[in-house]
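Novice: Structure incoming, see below.
Residue numbers (the working numbering): 11 to 227.
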């Protein structure tokens, strides 16, 4: 289970503190897929960073009894001077898993070829995204965090990502944030809507979808 209780997040600006999230609550149970809808700047990515532990709330509490991934396809934690293969080994050791039996999968899935043995600083954004997604799939989590649509690489690679995540890991919990209501509707069991720092809860995903589209949030 993941539970956010009365969570507030403020950021300092030149004009004083700004409250991005105002006392929100959210519970995600094992195997549940929860969508978070909201326009750009609504605080969706802030929620993901808080759940992942990358940031701490200004007030309130976050409880995690499930292992939680980093945001999928996020390569910001890569050591750019290391090769893609060395980054895989480094991340596996951080999460306490043996990298030896993961290398073939990452090599094949990422489709990076010889570039897997080149420094990540030489990668294009698309190459970094393919590597990040492949590594995300070899470290198993109870809950996957998906910040916006997982769409790295070309259409064929995108289809492969969808299969690996939504079909092969269908039993895992997922938290998906997006401003694309159709994507949330296709992949989630229920959805909440972020607006003006508040989180709106609904009994079913259709009500969330209607609220989001009718209010053009």
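We treat Cβ as the ideally placed atom computed from N, Cα and C, and that holds for glycine.
For residue 92, which of helix, strand or coil comes out of DSSP?
Specialist: In the structure shown, residue 92 sits in coil (DSSP, three-state: anything other than H, G, I, E or B).
Novice: Going straight from the alpha carbon of residue 76 to that of residue 12, what length do you get?
Specialist: Approximately 7 angstroms between the Cα atoms of the pair.
Novice: Enumerate in chain order the residues of its own chain whose CB-to-CB distance from residue 4 is below 6 angstroms, with the five nearest sequence positions on each side excluded.
Specialist: This structure does not reach residue 4, given that the chain is present from 11 up to 227, and the question cannot be answered.
Novice: Let me know the secondary structure DSSP gives residue 223 once reduced to three states.
Specialist: helix
Novice: Considering only the beta carbon of each residue, do residue 130 and residue 157 sit closer than 8 angstroms?
Specialist: In this structure, residue 130 sits away from residue 157, with a CB-CB distance that is not shorter than 8 angstroms.
Novice: Provide the residue span of the alpha helix (DSSP H) that contains residue 154, from first to last.
Specialist: Per DSSP, residue 154 belongs to no alpha helix (DSSP H); it is in the beta strand (DSSP E), 153-157.
Novice: Need the endpoints of the alpha helix (DSSP H) that residue 56 sits in, please.
Specialist: 54-62 is the extent of the alpha helix (DSSP H) around residue 56.
Novice: Does DSSP put residue 76 in a helix, in a strand, or in coil?
Specialist: coil
Novice: Would you give the residue range spanned by the beta strand (DSSP E) that residue 19 belongs to?
Specialist: 12-23
Novice: Is the beta carbon of residue 52 less than 8 angstroms from the beta carbon of residue 204?
Specialist: yes
Novice: Take the Cβ of residue 109 as the centre, count every other Cβ of all protein chains shown within 10 Å, and call the residue buried at 16 or more, exposed below.
Specialist: Residue 109 sits buried, since 16 or more C-beta atoms from the chains shown fall within 10 Å of its C-beta.
Novice: Tell me which residues share the same chain as residue 29 and place their Cβ nearer than 6 angstroms to its Cβ, disregarding the 5 neighbours each side in the sequence.
Specialist: 20 and 207
Novice: If you follow the beta strand (DSSP E) that residue 211 is part of, which residue opens it and which one closes it?
Specialist: No beta strand (DSSP E) contains residue 211, which DSSP labels as neither H nor E.
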